[in-house]
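In what follows, a single structure is set out as structure tokens and then discussed.
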Amino acid sequence: MDNNRSGSALVVEGGGMRGIYAAGVLHAFGRAGFDPFNLYIGVSAGACHLASHLAGQNDRNFDITLRYSLDPRFISPGRFLRGGHLLDLDWMWDQTITHYRLNLRQIDEKLKTQQKDFLVVATSLKTGRALYLRPDQETLEHYLKVSSALPILYRRILSVAGEAAVDGGVADALPVCEAHRRGAADITVIRSRPASYVKKDSPLAVAFFAWYFKKYPALVAAFRHRADRYNESVKFLSEPPAGVRVTQIAPPGDLDIGRTTRNEAHLRRAYEAGVACGEDALRRR
Numbered sequence: 000m001d002n003n004r005s006g007s008a009l010v011v012e013g014g015g016m017r018g019i020y021a022a023g024v025l026h027a028f029g030r031a032g033f034d035p036f037n038l039y040i041g042v043s044a045g046a047c048h049l050a051s052h053l054a055g056q057n058d059r060n061f062d063i064t065l066r067y068s069l070d071p072r073f074i075s076p077g078r079f080l081r082g083g084h085l086l087d088l089d090w091m092w093d094q095t096i097t098h099y100r101l102n103l104r105q106i107d108e109k110l111k112t113q114q115k116d117f118l119v120v121a122t123s124l125k126t127g128r129a130l131y132l133r134p135d136q137e138t139l140e141h142y143l144k145v146s147s148a149l150p151i152l153y154r155r156i157l158s159v160a161g162e163a164a165v166d167g168g169v170a171d172a173l174p175v176c177e178a179h180r181r182g183a184a185d186i187t188v189i190r191s192r193p194a195s196y197v198k199k200d201s202p203l204a205v206a207f208f209a210w211y212f213k214k215y216p217a218l219v220a221a222f223r224h225r226a227d228r229y230n231e232s233v234k235f236l237s238e239p240p241a242g243v244r245v246t247q248i249a250p251p252g253d254l255d256i257g258r259t260t261r262n263e264a265h266l267r268r269a270y271e272a273g274v275a276c277g278e279d280a281l282r283r284r
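Residues 0 to 284 in numbering that gives the first Met the number 0 are what the sequence shown lists, from first letter to last.
Structural data, given as structure tokens:
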């Protein structure tokens, strides 16, 4: 642990399509040129939104959500019931890399010249622990895909440096404690859930996950205890340690949006709420 706390961190939660709210907040930050952070940590969709933000491509996440995420070739319940992906990340990555690629060079130059750090969170199948991946130009797109690989909903198992891994939300869905461990004294968190949200495990979901991943007991254990870890992170936000400032930007509870929402009007409203909340957060600083 770094006891010399002088850093400023931006943490962005995942949540599938709920992440469009974070895209709106980050658009407000980018438009205002607000970037006092030296550490960025993103999980799943949150990592993808952060990457576009760091690239200066403020419209990218909103455009991708409406242009590609709503395409039935990405989300397909029928395909899932036939044994395929519910969320086809292979198709999504192929489309966005071909037609709307991240400015990888700009991200790399920004991080290096300004001495900033960007971590993408994934979960190890072998240990069930969080992997805090530090990408470069060659690895970023793959790391983002691994971080977004929701277990079961995306059937393939990806790997990083020879280690099989899945979505970072299993091990550390809200990595504020990791930001603190790395020395951040000022932590801004963009949530995909309302501030009052408390995670509860579904016994049925846990049982199915345990059956599906029975070859990976450590991953099953991580999934079984993810609500406890998530709620510990939420407690950190409301009761931060002495000397640590936390700014939480969370959506209102009436957005009616879930992990696989395909209602364009709801997604637009969530994005606009994110922009408004981002602007409000800037006014209050």
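Every residue, glycine too, gets a C-beta built ideally from N, C-alpha and C.
Note that the structure is a prediction, hence the values are computed from the model and not measured.
Query: Which value, in whole angstroms, describes the spacing of the CA atoms of LYS214 and ALA249?; Result: 37 Å
Query: Among THR95, VAL233, ASN262, HIS26, whose alpha-carbon lies nearest the alpha-carbon of HIS141?; Result: THR95
Query: Which residue or residues does DSSP assign as beta-bridge partners of ALA163?; Result: SER158
Query: Apart from the five residues just before and just after ASP58, which ones in its own chain have a Cβ nearer than 8 Å to its Cβ?; Result: HIS26
Query: Considering GLY273, what are the terminal residues of the alpha helix (DSSP H) in which it resides?; Result: 263-283
Query: Would you call the CB atoms of ALA50 and LEU173 closer than 9 Å?; Result: no
Query: Do you know how far the Cα of GLY23 is from the Cα of ALA272?; Result: 7 Å
Query: I think ILE19 touches ALA280, with their Cβ atoms under 8 Å apart; what is that distance to the nearest whole Å?; Result: Rounded, the Cβ-Cβ distance is 17 Å, inconsistent with contact.
Query: To the nearest angstrom, how far is it from the Cα of LEU9 to the Cα of VAL175?; Result: 9 Å
Query: Looking at the structure shown, is ALA184 part of a helix, part of a strand, or coil, going by DSSP?; Result: strand
Query: Here's a check: name, in chain order, each residue in its chain whose Cβ is nearer than 7 Å to the Cβ of ASN230, leaving out the five neighbours to either side.; Result: VAL197, LYS198
Query: Give the DSSP bridge partners of VAL121, in chain order.; Result: Looking at the sequence itself, residue 121 is Ala, so the reference to Val does not match. According to DSSP, ALA121 bridges with LEU130, ASP166.
Query: In whole angstroms, what is the alpha-carbon distance linking ASP177 and ILE106?; Result: Sequence check: residue 177 is Glu here, not Asp. When rounded, the distance between both Cα atoms is 22 Å.
Query: Measuring alpha carbon to alpha carbon, tell me which residue in SER191, THR187, ALA170 is nearest PRO239.; Result: THR187
Query: What first and last residue would you give for the alpha helix (DSSP H) that runs through SER51?; Result: 44-53
Query: Tell me which same chain residues have a C-beta within less than 7 Å of the C-beta of GLY127, skipping the five on either side of it?; Result: ALA170, ALA217, LEU218, ALA220, ALA221
Query: Using beta-carbon positions only, say whether GLY41 and LEU118 come within less than 9 Å of one another.; Result: yes
Query: Verify the CB distance criterion: does LEU25 have a CB-CB separation below 9 Å to chain B?; Result: Absent from the structure: chain B. Only one protein chain is present.
Query: Return the first residue and the last residue of the alpha helix (DSSP H) that GLY29 is part of.; Result: 19-31
Query: By DSSP's criteria, LEU9 is part of a beta bridge. Which residues make up the other side?; Result: TYR39, THR187
Query: Nearest-angstrom Cα distance between GLU108 and GLU137?; Result: 13 Å
Query: Just verifying my parser: in three-state terms, what is the DSSP assignment at TYR229?; Result: helix
Query: If you reduce the DSSP assignment to three classes, tell me which class ILE151 lands in.; Result: coil
Query: Figure out for me which residue from PHE73, LYS125, VAL120 has the closest Cα to the Cα of TYR131.; Result: VAL120
Query: Under 9 Å, do ARG81 and ASP87 count as touching if we go by C-beta distance?; Result: no
Query: Provide the residue(s) that pair with ILE248 in DSSP beta bridges, ordered along the chain.; Result: ILE189
Query: SER43 and GLY167 - do their beta-carbons sit closer together than 9 Å?; Result: yes
Query: What whole-angstrom Cβ distance do GLU162 and LYS115 have, given they're in contact under 8 Å?; Result: No, GLU162 and LYS115 are not in contact; Cβ-Cβ is about 25 Å, not under 8 Å.
Query: Going by alpha carbons, who is nearest to LEU286 out of GLU278, ARG180, PHE235, ASP255?; Result: What the structure shows of the chain is the stretch from 0 to 284, and residue 286 is not part of that stretch, so it cannot be assessed.
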